[in-house]
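Residue numbers (our numbering): 73 to 938.
Data first, discussion second: the structure below is written as structure tokens.
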């Protein structure tokens, strides 16, 4: 039988041996290739050796059989690589495709078919095809199969395309298929139902698609299946508790999906398992003792699930295990048991393992102390961060860890007690021991670490000056976190190419240090730096691109104006200058910061106009507690379609609110308090749809992703509620607040206001509002704080207000309210001061109500237009 393998679009050609034949290749094959050359766009002259009359076996990209001199390989793909040179070849006309059938002994072909509409018709003419690879073709459609069932096809690779469709049924009925790869192809929709003819399939890869369905049952009837990869493909629901004949499975990757089951016992029947990856799902329960059956396994990743309990003793029998990932679960127990010979968690078999090199236990509930003899002599990475460990760690704990490169252990109640002359047995690349008791002396052993690239010794109780040698540690890419200590002295100009510098919450003083162009995140907040900003922002090296993305100078003694030099820092995404003594205006050069997402200059003495119209990516604007004057420009509501936080409180703004402010659909925090705004509250206020949503889904915090200093940067906001100022960061995405207090607003509270059912904090106090409290206020089911005090509101308190079970702060004092306070489970629990200054009666007030005080008549509300 003739064997034909075709590899389309992506073929790496390195040191391919082209056979030099004695004599010419077959005449009909030579003619077919000569016709093909006429249709190839060849700007780099790759096909210069294709000379008519010269033996085609000697042509570049053509391979002939040694004896028969039939053409058996043809490589003219869209991007052909030969040695270190690339050649861009494209086919201008695909009418020649049927002539491929003249190359009847062709086994491998690499041709770009991305623009060919008839490629499947040609494939149908090749009945002995065994290898079809269409990866990286830019294909948008998988045609239906009409003429040929591909009964001999063994390899089908459709990965890295953009189909935007479901998988046609014919793909799943190829009886000889051994390997199927559908990864990264924008496939959508569920897998087809059975029956499926995949009796020979050993490898199935379809990661990074959008199937959004359950695992198909037929997958677990494939008794020859060895490799299954469906990472990040929207797989939902439970893994089947029972499977058919899947006993040869060696690699299983279902990570980053939406699975919500336990680990099924049938997995443990796969004796030849090499890797198991179920990370970042919602797998729960305990890990079965049957895991000991996986005697060949080298990789287990179960992180970011809901697993609990203790890992069974039998894990010590996994003698080939190299990487164990259990972080971000609910495992508990004393970490002493992990390593001690009496371990009920990780026994001696694993402790003394000569193979284990990675151990991930971070973000669990592990307790206890670390014993002095930790074992694991081949360990290169260990993560025990964010647990509940305690006790003292000494030099002897690290005696056997000569291979250690990555040590993640922050946020435990641990004391590091080593001598000032200690020389660690390892050369680490990454050390995180933030939150350990390291001080009061500076850890001199760091001077021995020649390869360090990331160091976190934050919140370590360290006092005094930082040694000069430390600022110049020999590293190519250095990230440093010294925050929350008691360091003093000046910070020098850095020669080390830091990309991350966190020096906040110390006692550093003097002028701001100049930084290298490589710094991406710089946090010097809450220190005693003084002087101006000119030398820092303006004295930069010419013709050098600065990469700074996050600059936090909050809480220092900086003074003077913000210099007009922000054009030197075009990559800034987060700029925090709050709590200083800055004067003057916002410089015009801020307009070049087109990537700016967060601007916080709260609590300074700044004034002048707001040159922010070009900063259209802003998510946060905090100008509170300054001296800005003027009316709000209409573009404030039109330019910032993604704005989440707008805080303008305690300035000198005045005028009516522009109706364009209602276009801020993503706004969650609006703070206009303590200004001189007047007019009515806009009726379109219900268009703030982020506040209308009653429940907040997803993460609780707001983080900036992407390039931001190579890290996630968590946003924060100051919110005044319940008479106090609170800082929100970890739960910021759940907060909605509207504060218009202490202005000159008049008119009624719009009825549309009550449709903002996701509002949590509301303060309209100290204005000139009239009319009634809207009856529909009871629809605001998540309202926790409501302050309408010191207005001229009249009428009765709506009965619906008493149904708000979430309400924990209420102030209706000093209005013209009358009648009986509604009886319910909530209102009577508030202090009487919440109702004083009105003509109200009933509990919690001492004034009794007459029958006339229970006026049952409620006027029909009417929401008048502006």
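Using N, Cα and C, we set each Cβ at its ideal position, and we do this for glycine too.
Residue environment, residue i, which counts as buried when at least 16 other CB atoms sit within 10 Å
i, result
"residue 541", "exposed"
"residue 99", "exposed"
"residue 692", "buried"
"residue 464", "exposed"
"residue 77", "In this predicted model, residue 77 has a pLDDT of only 49, less than 50, meaning its place in the structure is not dependable enough to derive any value."
"residue 724", "exposed"
"residue 616", "exposed"
"residue 600", "exposed"
"residue 822", "buried"
"residue 685", "exposed"
"residue 140", "exposed"
"residue 307", "buried"
"residue 857", "buried"
"residue 205", "buried"
"residue 611", "exposed"
"residue 754", "buried"
Close-in-space but distant-in-sequence residues of the same chain around residue i (CB under 6 Å, 5 per side omitted)
i, result
"residue 351", "327, 373, 375 and 376"
"residue 651", "626, 627 and 675"
"residue 697", "674, 675 and 722"
"residue 504", "480, 482 and 528"
"residue 294", "270 and 273"
"residue 719", "694, 696 and 743"
Helix, strand or coil at residue i according to DSSP, with G and I counted as helix
i, result
"residue 349", "strand"
"residue 558", "strand"
"residue 241", "helix"
"residue 640", "helix"
"residue 520", "helix"
"residue 293", "helix"
"residue 775", "strand"
"residue 541", "helix"
"residue 654", "strand"
"residue 438", "strand"
"residue 890", "strand"
"residue 812", "coil"
"residue 719", "strand"
"residue 756", "helix"
"residue 789", "strand"
"residue 226", "coil"
"residue 136", "strand"
"residue 285", "strand"
"residue 620", "coil"
"residue 232", "coil"
Nearest-angstrom Cα separation, counted from residue j out to residue i
i, j, result
"residue 119", "residue 396", "51 Å"
"residue 530", "residue 576", "9 Å"
"residue 568", "residue 524", "12 Å"
"residue 622", "residue 666", "14 Å"
"residue 590", "residue 619", "6 Å"
"residue 484", "residue 846", "51 Å"
"residue 106", "residue 252", "34 Å"
"residue 866", "residue 820", "10 Å"
"residue 516", "residue 492", "6 Å"
"residue 573", "residue 494", "26 Å"
"residue 360", "residue 321", "18 Å"
"residue 585", "residue 708", "35 Å"
"residue 899", "residue 593", "49 Å"
"residue 775", "residue 624", "16 Å"
"residue 606", "residue 656", "13 Å"
Contact set for residue i: own chain, Cβ-Cβ below 8 Å, skip 5 residues either direction
i, result
"residue 954", "With the chain represented from 73 up to 938, any question about residue 954 goes unanswered, as that position is not in the structure."
"residue 489", "464, 465 and 466"
"residue 710", "732 and 735"
Beta-carbon proximity list for residue i, same chain, < 7 Å, skipping 5 on both sides
i, result
"residue 248", "223, 224, 225, 226 and 272"
"residue 800", "788, 789, 791 and 807"
"residue 311", "287, 331, 333 and 336"
"residue 292", "312, 315, 316 and 318"
Residue i Cβ short of 7 Å to the ligand NAP heavy atom set
i, result
"residue 458", "The ligand NAP is not part of this structure, which contains no ligands at all."
Problem - Cβ contact check for the stretch 249 to 263 and the stretch 272 to 283: 3 or more pairs under 8 Å - result: Counting Cβ pairs under 8 Å, three or more are found: they touch.
Handout entry: Given 8 Å, three or more beta-carbon pairs between the stretch 753 to 764 and the stretch 846 to 862
Key = Here the stretch 753 to 764 does not lie against the stretch 846 to 862, with fewer than 3 beta-carbon pairs under 8 Å apart.
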